[in-house]
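Q: For the record, in the sequence shown the residue sitting at position 131 is 131 according to my numbering, with numbers rising by one throughout.
We treat Cβ as the ideally placed atom computed from N, Cα and C, and that holds for glycine.
Since the model is a prediction, treat every value here as computed from it, not as a measurement.
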Amino acid sequence: MAKPYPSSIQPVISTDLNSLNILWNHNQQIVGIVDHEHIGATDRVQDLAWLIKWYARTESIESHDVSGRLAKSLLTHYNSPTMLVPEDDPRLASLLWLSGCFNLHFIERTKHLLQEVEQYPEQYNQLQLHLQTYRLRGERLTGLLT
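1) His-64 and Arg-135 - do their beta-carbons sit closer together than 8 Å?
2) Which residues does DSSP pair with Ile-33 in a beta bridge?
3) Once the 5 residues before and after Leu-51 are set aside, which same chain residues still bring their CB inside 8 Å of it?
4) Applying the criterion that 16 or more other CB atoms from any shown protein chain within 10 Å of the CB defines a buried residue, is Arg-69 buried or exposed?
5) Taking the runs of the alpha helix (DSSP H) that are 4 residues or longer, which of them lie wholly in the segment 38–107?
6) Tell me the DSSP secondary structure of Leu-113 in three-state form.
7) What's the C-alpha gap between Gly-32 and Ser-67?
8) Identify, in the order they occur along the chain, each residue of the same chain with its Cβ nearer than 7 Å to the Cβ of Leu-144, setting aside the five sequence neighbours on each side.
9) Excluding the 5 residues preceding and the 5 following Asn-21 in the sequence, name in chain order all residues of the same chain whose CB lies nearer than 8 Å to its CB.
10) Let me know if Leu-23 comes out buried or exposed under the rule of 16 or more other beta-carbons within 10 Å of its beta-carbon.
11) Rounded to a whole number of angstroms, what is the C-alpha to C-alpha distance between Glu-59 and Thr-42?
12) Roughly how many whole angstroms lie between the Cα atoms of Lys-111 and Glu-118?
13) Within 10 Å of its beta-carbon, does Leu-114 have 16 or more other beta-carbons around it, so buried, or fewer, so exposed?
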């Protein structure tokens, strides 16, 4: 049987994969996934960026701390022959930055701070701090790829 080209494989990805959504058999092997609302066929590079953003965290969801060791482990295991993502794919860093920084919390907070600055110009430093925080978060995330 011929082996498929890695680029021809379009895996189905679950973005809500956790122990509560997995069916295990008596040998502790995965036999099914039961939460289908977050499953779909997507771009592998986009999936990898999302995985790195979530699984390289060292603390809570609010934390901007990430681990290079965790990211490297994820990259090593994700880049198996069946899930290959070229290391030099320029989209990975951009998608990692976007998924880690350009989210609902960022948008809502930015809108709020922009409205505040219009009414109270002295709040400009708060807006600058907010933007700086997310710029640094993006740099930390993309730095995981080097």
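A: A quick look at the data gives this:
1) no
2) Ile-22
3) Leu-74, Tyr-78
4) exposed
5) The qualifying runs are 44–55, 68–78, 90–101.
6) helix
7) 30 Å
8) Ile-52, Ala-56, Val-66, Gly-68, Ala-71
9) Ser-14, Ile-33, Val-34, Asp-35
10) exposed
11) The straight-line gap from Cα to Cα measures roughly 27 Å.
12) 11 Å
13) exposed
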